[in-house]
Every structure is written in C-alpha cells, then in structure tokens.
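Colleague:
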Amino acid sequence: MLNLIPAPRGSVHMQEGSVKLPETVTVSLGDFAPWCLEAFAARLDGHVETAENGFITLKKADIAKEGYKLTVTKDGITVEAADESGAVWALTTVTELTAEGEALPIVTIEDAPHYGHRGLSLDCSRHFFTADEVKKVIDQMTRVKLNVLHWHLVDDQGWRIECKTLPLLHETTGTYYTQEEIRSVIEYARVRGMEIIPEIDMPGHTRSMIAAYPHLSCFGEKTELCQFGGIFEKILCPGKDETFEFIEKLLTEVCALFPDDRFHIGGDEAPKTEWKKCPHCKARMEALGLTDYEDLQGYFTKRVVAILKKHGKRAVCWNDVLESKDVDTGNIIQYWTAQHEAPVPAFIERGGKVIFSSMSALYFDYPHGINSLNKVYHYQPVVMGKSYADSPNMLGYEAALWSEQVETPEHLEELLFPRLYAVSEIAWNEAGDYADFEHRAEKKIEIAAKQGVNCMTKDGWNPEGEARVQSAATFIAHMMNPGGIGTPHTDAEREMVRPVIEKFAQIWFRPQDVPEMMKNDDLVGAALNFMKMFPPENDETKGE
Numbered sequence: 141m142l143n144l145i146p147a148p149r150g151s152v153h154m155q156e157g158s159v160k161l162p163e164t165v166t167v168s169l170g171d172f173a174p175w176c177l178e179a180f181a182a183r184l185d186g187h188v189e190t191a192e193n194g195f196i197t198l199k200k201a202d203i204a205k206e207g208y209k210l211t212v213t214k215d216g217i218t219v220e221a222a223d224e225s226g227a228v229w230a231l232t233t234v235t236e237l238t239a240e241g242e243a244l245p246i247v248t249i250e251d252a253p254h255y256g257h258r259g260l261s262l263d264c265s266r267h268f269f270t271a272d273e274v275k276k277v278i279d280q281m282t283r284v285k286l287n288v289l290h291w292h293l294v295d296d297q298g299w300r301i302e303c304k305t306l307p308l309l310h311e312t313t314g315t316y317y318t319q320e321e322i323r324s325v326i327e328y329a330r331v332r333g334m335e336i337i338p339e340i341d342m343p344g345h346t347r348s349m350i351a352a353y354p355h356l357s358c359f360g361e362k363t364e365l366c367q368f369g370g371i372f373e374k375i376l377c378p379g380k381d382e383t384f385e386f387i388e389k390l391l392t393e394v395c396a397l398f399p400d401d402r403f404h405i406g407g408d409e410a411p412k413t414e415w416k417k418c419p420h421c422k423a424r425m426e427a428l429g430l431t432d433y434e435d436l437q438g439y440f441t442k443r444v445v446a447i448l449k450k451h452g453k454r455a456v457c458w459n460d461v462l463e464s465k466d467v468d469t470g471n472i473i474q475y476w477t478a479q480h481e482a483p484v485p486a487f488i489e490r491g492g493k494v495i496f497s498s499m500s501a502l503y504f505d506y507p508h509g510i511n512s513l514n515k516v517y518h519y520q521p522v523v524m525g526k527s528y529a530d531s532p533n534m535l536g537y538e539a540a541l542w543s544e545q546v547e548t549p550e551h552l553e554e555l556l557f558p559r560l561y562a563v564s565e566i567a568w569n570e571a572g573d574y575a576d577f578e579h580r581a582e583k584k585i586e587i588a589a590k591q592g593v594n595c596m597t598k599d600g601w602n603p604e605g606e607a608r609v610q611s612a613a614t615f616i617a618h619m620m621n622p623g624g625i626g627t628p629h630t631d632a633e634r635e636m637v638r639p640v641i642e643k644f645a646q647i648w649f650r651p652q653d654v655p656e657m658m659k660n661d662d663l664v665g666a667a668l669n670f671m672k673m674f675p676p677e678n679d680e681t682k683g684e
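Taking this note's numbering, the leading residue of the sequence shown gets 141, the next gets one more, and so forth.
What follows is the structure in structure tokens.
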C-alpha cells in the first residue's frame with residue numbers, strides 16, 4: 141500500500157523493486173509550460189533541471205482534468221497528463237513518496253480527482269496571518285492535492301487588502317496585505333496547482349468598510365472596528381445609490397488583483413434591523429415593489445453580481461442568500477448552515493452548483509471535541525435528508541477556519557492538520573478504511589513536523605469523555621459570550637436556558653451531554669447571551 145494522502149482514486153499496479161531519484165533530477169518538459177516544475181523543484185531544494193532526455197518525461201495525453209498517469213521504472217519516470225494541473229499533481233505524488241529520501245517503488249498509478257473543488261476558507265480578517273504563513277499553509281495543502289484557498293480578507297474586525305482607490309479601508313485597520321504581497325501569494329499558489337478565491341462579504345460583516353466610510357450604512361453614523369466576533373446590525377445600505385457606486389469602484393480595483401474567475405461575496409448573517417428603519421431602504425423597496433427584506437438583499441446581491449460579471453467574475457455566495465426569490469443559478473452557493481438549508485435542494489434541482497462546507501463537520505476553528513478527525517473523514521453532503529455526493533451539481537468540499545479564537549500560526553496549524561488531510565481524501569477519492577487513513581496520517585504529520593508544521597498530536601484527534609465536552613464548552617462559551625467567562629449563574633437561570641442548551645447539544649455536542657452542560661456556568665452564560673441576541677421569533681444560530 142502506498143503511503144499517500146489522498147489515496148489514489150484510480151488503479152495502482154506495483155512491482156518488485158524501487159528506484160532512487162538522482163541527486164539532480166532532469167525533466168523533459170515536452171509540450172508543458174515550465175511553471176509546472178516550480179513546486180517540484182522547490183520541494184527538491186532546486187535540484188531539478190530541464191533536459192532533452194530527462195530522468196522524468198512529461199507527455200500530453202487524453203486524461204481527465206487534473207488527472208495523471210505516473211509510470212515508475214528502474215530507468216526513469218513517465219508522467220502523462222492532459223494539462224499542467226495533472227503534471228503538477230503527478231510530480232507532487234513523486235515528492236510525497238520520496239519525502240524522506242526514500243526510493244520510489246516500481247509502480248504505475250492512474251489517478252484523477254472525484255471533485256474539482258477541494259479547499260479551505262481561511263479567515264485572515266479577525267486575526268491576521270502573514271503572507272509567509274499563508275504560503276506555508278498553501279504549500280502543505282497542495283502537498284495533499286487540495287486546490288482552492290478561499291481567502292476571507294474582510295470582516296467586521298479588519299480590512300486586509302491594500303486599496304489604492306479607497307485607502308481609508310486599509311488605513312483604518314492598519315495591518316493588511318500589500319498588493320505586491322497578494323500577487324506573490326497568488327503566484328505561489330498557482331504554480332502549486334491552487335486557485336485563490338477572494339471574499340469580500342456583503343452586505344453583512346462589513347463594519348471595516350463602514351468604519352472607514354460611514355456613509356455606506358443606513359444612517360451614516362461613525363463607528364469603530366469590532367473587537368470580538370458576532371453578528372452586527374450595522375451593515376451596508378442597499379437603498380443608497382452611492383453604496384453601489386462605492387462597490388463598483390472597489391471591485392474594479394480588487395478584481396484586477398485576482399486572476400481566477402470566481403469571487404466570493406458572502407451574503408451571510410445580514411440582520412435587517414437597520415434596513416427596517418431606513419427611509420432609503422423603504423423607498424427602494426417601494427420602487428421595486430418588494431415587501432420582503434430578504435428580497436431586498438436579493439436585489440443587493442443581483443447588483444453586486446452584475447458588477448462582478450463586468451469584470452469576468454462568477455459570484456460565490458453563502459447559502460443564506462437563497463432566502464430571497466429566484467437566485468441566479470449562475471451563482472455558486474456555498475452550503476454552511478442547516479439554518480438556511482430548505483431552499484438548497486430546489487436550487488440544485490434548477491442546475492445550481494454547490495460547494496459543501498457544513499459547520500457540523502468542516503468548520504476547523506471548532507475544536508476536535510466538536511469536529512473530530514473521524515467525523516471529518518466520514519462527512520457526507522446531506523441536505524434535508526438527501527445526499528448530494530453523486531450529484532453533477534456538487535462541486536466539492538471546503539473546510540473553513542474562522543479566526544476569532546485563533547491568534548497564532550501555531551494554533552492555526554494545529555487546527556488544520558491533520559483534519560485537512562481528511563478533507564483531501566474524501567474530496568479527491570472517498571472515505572475508505574479509517575484505520576488505514578489514520579496510519580497514513582500519522583506518517584504524514586511526522587513529515588509535516590519536520591517541515592516546521594505544528595500538527596495536532598494523535599491523542600487530540602478524536603477526544604472523548606470529559607476532554608471532548610470541556611473543549612467544546614470552552615469554545616462555544618468564548619464564541620457566544622466572550623465577556624462573560626467565569627460568571628456564576630443561578631439554578632433558575634439554568635432552567636430558563638435548558639431549551640437552548642439542548643439545542644447546543646444537537647449542534648455541537650451530543651444529546652447525552654445535556655446534564656453535564658447544564659452544570660457549566662460559561663455555557664449557561666453563552667445560552668443566556670444567545671437568547672438576548674436571538675429572541676425566539678428571530679432565532680438564528682451563530683456559525684462564524
């Protein structure tokens with residue numbers, strides 16, 4: 141059995157014997173672009189040269205997108221692929237099989253991915269991670285054939301893109317990526333087979349825009365960046381024409397930074413509280429003949445999508461936007477929450493494409509006590525009781541890491557690895573024997589550790605008992621009620637929040653955990669705060 145993650149999806153034929161890579165590996169490029177060797181050369185410390193009769197020969201062949209055929213003999217290696225992406229993954233397989241200087245087995249591998257979208261959404265707004273750290277994550281992701289980084293660059297807590305036409309955006313936040321750094325990250329990802337999808341969330345999660353340019357909100361009051369996570373009522377105003385003028389100016393500059401054709405515009409967690417009081421929004425709704433504020437958000441989304449189309453971009457949105465009527469199936473939907481799952485099947489049946497990022501398994505800011513490695517590995521894309529694993533409109537899987545509670549690169553890496561290895565395997569192939577996967581993951585984290593990655597140790601992959609409940613409780617309490625940690629609560633308060641605690645158990649714990657959860661003051665405080673934020677008539681589970 142090959143010690144590879146992801147396990148090859150096609151055929152593997154091994155023979156007796158092995159072959160060592162030469163000290164300097166020569167490669168015959170054939171009709172392939174030279175850039176497809178860049179990651180391979182970097183991983184071999186630059187000991188790669190092109191040659192007419194190389195030890196490795198690249199050949200064009202009629203093979204599925206991103207697929208490859210790798211043939212290793214005692215005399216050399218042949219790589220067959222349809223394009224550079226397949227060649228990159230074939231050479232990645234070579235570097236993974238020789239990561240510690242091992243000889244390559246004599247083998248023929250025919251391999252291609254199940255899903256075309258295999259990624260991670262990385263939040264660099266709530267806490268900022270340097271361009272070098274982002275590159276480090278990208279390198280580790282692409283070593284296991286993950287091919288998308290959804291870069292969450294903007295939120296209530298910070299704006300992280302240098303914007304030359306609207307400089308108050310990055311100046312108000314103070315810590316950001318220069319455009320040169322962004323281009324460097326994009327190029328670093330490209331030569332490793334990865335697409336970068338930027339996200340500018342709208343109309344909610346926009347406090348960093350409004351702090352810089354207050355006129356974008358309904359009432360134009362000055363405001364500050366948020367210092368903690370949450371869902372905030374001050375959002376962009378869809379009733380003002382100047383809001384869309386601003387967005388057009390912004391997207392004209394930012395779209396030019398990102399060469400790939402997908403652009404995420406969020407659309408999640410957008411409270412309509414201010415809209416309902418706003419004369420501009422009221423006038424807009426009357427002019428459009430709208431009676432539902434979700435349809436006002438639908439109007440907002442259509443306006444932003446139209447701007448993106450002018451720049452050759454296709455919009456990606458969270459599944460919250462499906463609460464408005466007649467969402468264009470040209471938009472890609474990213475499913476994260478069962479809170480807004482009811483419209484998803486109809487969207488898929490109309491031909492709409494969906495990326496699955498369910499918080500119930502694929503949110504990696506959640507501790508392993510909530511989303512364990514085993515749970516990630518066995519995730520299925522189920523909506524309203526139906527699996528979409530084999531749907532042609534299912535694009536793939538994307539894990540997500542929101543960084544409100546992730547302050548250091550070491551913590552970031554510990555949360556990502558090895559859970560991203562599980563995403564890699566189920567997106568490229570499918571879940572197989574878990575014990576076999578664990579064995580390969582153990583070997584992989586040993587290698588990653590030598591490459592400077594702070595992986596979660598095996599004893600933390602699948603916590604049980606008190607360790608599981610406590611890790612989950614600590615996380616949820618800090619997410620729901622960061623200012624109330626350590627506050628004692630009465631028995632009457634505990635009984636009042638019992639329905640919320642039971643709901644927490646369904647989402648983040650297990651039903652049998654309720655008695656233990658009821659004793660936890662921090663969880664009771666979180667439940668009380670949840671009831672204040674979301675009264676019964678406006679119940680909405682916080683997911684980011």
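Even for Gly, the Cβ is constructed at its ideal location relative to N, Cα and C. All values reported here derive from a predicted model rather than from experimental measurement.
Aspartate 460 to lysine 493, Cα distance in whole Å?
Modeller: Counted from its first residue, the sequence shown places residue 460 at position 320. Counted from its first residue, the sequence shown places residue 493 at position 353. If I take the Cα positions, the gap works out to 15 Å.
Colleague: Valine 152 to glutamate 570, Cα distance in whole Å?
Modeller: As a position in the sequence shown, residue 152 is number 12, starting the count at 1. As a position in the sequence shown, residue 570 is number 430, starting the count at 1. C-alpha separation (whole angstroms): 16 Å.
Colleague: Alanine 455 by DSSP, collapsed to three states: which one?
Modeller: Counting from one through the sequence shown, the residue named residue 455 turns up at place 315. In this structure, alanine 455 counts as strand in the three-state DSSP scheme.
Colleague: Evaluate aspartate 679 with the Cβ neighbour count: other Cβ atoms within 10 Å of its Cβ, from every protein chain shown; 16 or more gives buried, anything less gives exposed.
Modeller: Translated into the one-based positions of the sequence shown, residue 679 becomes position 539. Its pLDDT being 43, under 50, aspartate 679 is placed unreliably in this model, and the value from its coordinates should be taken loosely. Exposed, by the Cβ-count rule.
Colleague: Taking the beta strand (DSSP E) that aspartate 263 falls in, what are its first and last residues?
Modeller: Here residue 263 refers to the residue found at position 123 of the sequence shown. 257–263 is the span of the beta strand (DSSP E), which, as asked, contains aspartate 263.
Colleague: Within the chosen definition, does the region 527–539 reach the region 588–606 through at least 3 CB pairs nearer than 8 Å?
Modeller: Cβ pair count under 8 Å is below three, so no.
Colleague: Since isoleucine 246 and methionine 154 are thought to touch, with beta carbons under 8 Å apart, how far apart are those beta carbons, to the nearest angstrom?
Modeller: The residue labelled residue 246 in the question sits at position 106 within the sequence shown. The residue labelled residue 154 in the question sits at position 14 within the sequence shown. Contact holds; Cβ gap of about 7 Å.
Colleague: Taking a contact to mean a Cβ-Cβ separation below 8 Å, would you say glycine 429 touches valine 467 in this structure?
Modeller: Counted from its first residue, the sequence shown places residue 429 at position 289. Counted from its first residue, the sequence shown places residue 467 at position 327. Not a contact, by the Cβ cut-off of 8 Å.
Colleague: Exposed or buried, what is methionine 619 when buried is set at 16 or more other beta-carbons lying within 10 Å of its beta-carbon?
Modeller: In the sequence shown, counting from the first residue as 1, residue 619 sits at position 479. When all chains shown are included, methionine 619 counts as buried.
Colleague: Can you give the Cα-Cα distance for histidine 480 and glutamate 463, rounded to whole angstroms?
Modeller: The sequence position of residue 480 within the sequence shown is 340, counting from 1. The sequence position of residue 463 within the sequence shown is 323, counting from 1. Each residue's alpha carbon lies about 7 Å from the other.
Colleague: Near serine 357, what residues of its chain come up, given a Cβ to Cβ distance below 8 Å and the 5 sequence neighbours on each side ignored?
Modeller: Taking the first residue of the sequence shown as position 1, residue 357 is located at position 217. Excluding positions up to five away in sequence, the list reads Ile350, Thr363, Lys374, Ile375, Leu376, Cys377 and Glu414.
Colleague: For the alpha helix (DSSP H) holding leucine 177, just list the boundary residues, first then last.
Modeller: Your numbering for residue 177 matches position 37 in the sequence shown. Neither: leucine 177 is in no alpha helix (DSSP H) and is coded neither H nor E.
Colleague: Candidates His508, Ala181, Lys672 and Glu434: which alpha carbon is nearest threonine 597's?
Modeller: Here residue 597 corresponds to residue number 457 of the sequence shown, with the count starting at 1. Nearest option by C-alpha distance: His508.
Colleague: Can you grab the Cα-Cα spacing for the pair tyrosine 328 / valine 456, in whole Å?
Modeller: As a working mapping, residue 328 is identified with position 188 in the sequence shown. As a working mapping, residue 456 is identified with position 316 in the sequence shown. Spanning the two alpha carbons is a distance of roughly 23 Å.
Colleague: DSSP on isoleucine 488, reduced to helix/strand/coil?
Modeller: The count along the sequence shown starts at 1 and reaches residue 488 at position 348. Three-state result, isoleucine 488: helix.
Colleague: Please work out which residues of its chain come closer than 6 Å, Cβ to Cβ, to isoleucine 326, disregarding the five sequence neighbours upstream and downstream, and give them in chain order.
Modeller: Here residue 326 corresponds to residue number 186 of the sequence shown, with the count starting at 1. So the list reads Ile336, once near-sequence residues are dropped.
Colleague: Relative to the alpha-carbon of methionine 657, which residue among Ala613, Gly624 and Met671 has its alpha-carbon at the smallest distance?
Modeller: To locate residue 657, count along the sequence shown from 1; it is residue 517. Out of Ala613, Gly624 and Met671, Ala613 has the C-alpha closest to the C-alpha of methionine 657.
Colleague: For isoleucine 473, which beta-bridge partners are listed by DSSP?
Modeller: The residue labelled residue 473 in the question sits at position 333 within the sequence shown. BP columns for isoleucine 473 point to Cys457 and Val494.
Colleague: Buried or exposed: which applies to methionine 524, given that a residue is buried once 16 or more other Cβ atoms fall within 10 Å of its Cβ?
Modeller: Within the sequence shown, the letter at position 384 stands for residue 524. Answer is exposed; the Cβ neighbour count stays below 16.
Colleague: Buried or exposed: where does arginine 634 fall if 16 or more other Cβ atoms within 10 Å of its Cβ makes it buried?
Modeller: Position 494 of the sequence shown, counted from the first residue, corresponds to residue 634. Classification for arginine 634: buried.
Colleague: Taking all protein chains shown into account, decide if glutamate 489 is buried (16 or more other Cβ within 10 angstroms of its Cβ) or exposed.
Modeller: What you label residue 489 is simply residue 349 of the sequence shown in a count that begins at 1. Exposed, because fewer than 16 other Cβ atoms sit within 10 Å of the Cβ of glutamate 489.
Colleague: Can you tell me whether aspartate 631 is buried or exposed? The criterion is at least 16 other CB atoms within 10 Å of its CB, across all chains shown.
Modeller: As a working note, residue 631 is residue 491 in the sequence shown. It counts as exposed.
Colleague: Might you give, ordered along the chain, the residues of its own chain that have their beta carbon closer than 6 Å to the beta carbon of proline 148, omitting 5 neighbours on each side?
Modeller: Walking along the sequence shown from the start, residue 148 turns up at place 8. Closer than 6 Å at Cβ, skipping near neighbours: Ile249 and Asp251.
Colleague: Within the same chain, show all residues whose beta-carbon is closer than 6 Å to that of glutamate 409, passing over the 5 residues directly before and after it, in chain order.
Modeller: Along the sequence shown, read from residue 1 onward, the residue named residue 409 stands at position 269. These residues qualify, in order along the chain: Gly344 and Ile371.
Colleague: Going by Cα to Cα distance, which pick from Arg559, Gln474 and Ser512 is closest to proline 521?
Modeller: Along the sequence shown, read from residue 1 onward, the residue named residue 521 stands at position 381. Per the Cα distances, Gln474.
Colleague: With H, G and I counted as helix, E and B as strand and the rest as coil, what does DSSP make of phenylalanine 557?
Modeller: Counting from 1 along the sequence shown, the entry for residue 557 is found at position 417. DSSP places phenylalanine 557 in coil when its eight states are reduced to three.
Colleague: Closest to glutamate 220 by CA distance: which of Glu206, Val228, Thr238 and Lys200 is it?
Modeller: Locating residue 220 in the sequence shown gives position 80, where the first residue counts as 1. Ranking Glu206, Val228, Thr238 and Lys200 by Cα distance to glutamate 220 puts Lys200 first.
Colleague: When the Cα atoms are used, what is the spatial distance from lysine 417 to histidine 257?
Modeller: Sequence index remark: in the sequence shown, residue 417 carries index 277 (1-based). Sequence index remark: in the sequence shown, residue 257 carries index 117 (1-based). Roughly 41 Å separates the two Cα atoms.
Colleague: Measuring straight from C-alpha to C-alpha, what distance separates arginine 323 and asparagine 660?
Modeller: Counting from 1 along the sequence shown, the entry for residue 323 is found at position 183. Counting from 1 along the sequence shown, the entry for residue 660 is found at position 520. Answer to the nearest angstrom: the Cα atoms are 47 Å apart.
Colleague: Could you pull out every residue in the same chain whose Cβ sits closer than 6 Å to the Cβ of threonine 681, ignoring the five residues on either side in sequence?
Modeller: One-based indexing of the sequence shown puts residue 681 at position 541. A caution first: threonine 681 carries a pLDDT of 40, below 50, which makes its placement in the model too unreliable to give a value.
Colleague: I'd like to confirm the pairing. Which residues does DSSP put opposite isoleucine 337 in its beta bridges?
Modeller: Start at 1 with the first residue of the sequence shown, and residue 337 comes out as number 197. Note: isoleucine 337 sits in a beta bridge opposite His290.
Colleague: On a Cα-Cα basis, can you pick out the residue from Gly379, Asp223 and Phe384 that is closest to arginine 424?
Modeller: Indexing the sequence shown from 1 puts residue 424 at position 284. The shortest C-alpha separation from arginine 424 is found at Gly379.
Colleague: Which of helix, strand or coil does DSSP assign to glutamine 591?
Modeller: The residue labelled residue 591 in the question sits at position 451 within the sequence shown. Reduced to three states, the DSSP call for glutamine 591 is coil.
Colleague: From the DSSP secondary-structure annotation, give me the bridge partner or partners of methionine 596.
Modeller: Reading the sequence shown from its first residue, position 456 is the one you call residue 596. None; methionine 596 has no bridge partner.
Colleague: Does the separation of the CB atoms of serine 564 and isoleucine 217 fall below 8 Å?
Modeller: Residue mapping note: residue 564 aligns to position 424 of the sequence shown, counting from 1. Residue mapping note: residue 217 aligns to position 77 of the sequence shown, counting from 1. No. Outside cutoff.
Colleague: To test your reading of the DSSP string, which unbroken alpha helix (DSSP H) runs of 4 or more residues are found completely within the region 332–417?
Modeller: With a minimum length of 4 residues, the continuous alpha helix (DSSP H) runs that stay inside the region 332–417 are 347–352 and 381–397.
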